[in-house]
Amino acid sequence: MSFDAYGNFIKQYIRICEHPNFIWQGGEPTLIGVEFYENAFELQHRYNIDNKNITNAIQTNGTLINKGWATFLKAN
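Written out as structure tokens, the structure is:
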């Protein structure tokens, strides 16, 4: 999925859901890199015009968690 298509999905999902919840799983979701999630979270904030309580959950085996990931997870 292109990032533009993903941005459109985020926008629509936030618009139609009362309590948007993004669940990151499948394979090893940390393989895509922390930059993907930084961009995804930025889109979530951008399209959350009604100030909904958006939650995110990640299921990982933790083997790729490093200082950069730890900093990101703590901040978000």
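In numbering that gives the first Met the number 0, the protein residues as written are 0 to 75. Beta carbons: idealized from backbone N, C-alpha and C, even for Gly. Model, not experiment: these values are computed from the prediction.
Secondary structure of Ile64, DSSP reduced to three states: coil
Where the alpha helix (DSSP H) containing Ile77 begins and where it ends: Beyond the ends of the chain as shown, which are 0 and 75, falls residue 77; an answer cannot be given.
Exposure of Gln43, with buried meaning 16 or more beta-carbon neighbours within 10 Å: buried
Nearest candidate by alpha-carbon position, reference Asn55, set Ile22, Thr62, Glu17 and Phe8: Just measuring C-alpha positions, the residue of Ile22, Thr62, Glu17 and Phe8 sitting nearest Asn55 is Ile22.
Counted within 10 angstroms of its Cβ, other Cβ atoms place Thr29 as buried (16 or more) or exposed: Burial state of Thr29 is buried, judged by a 10 Å Cβ sphere holding 16 or more other Cβ atoms.
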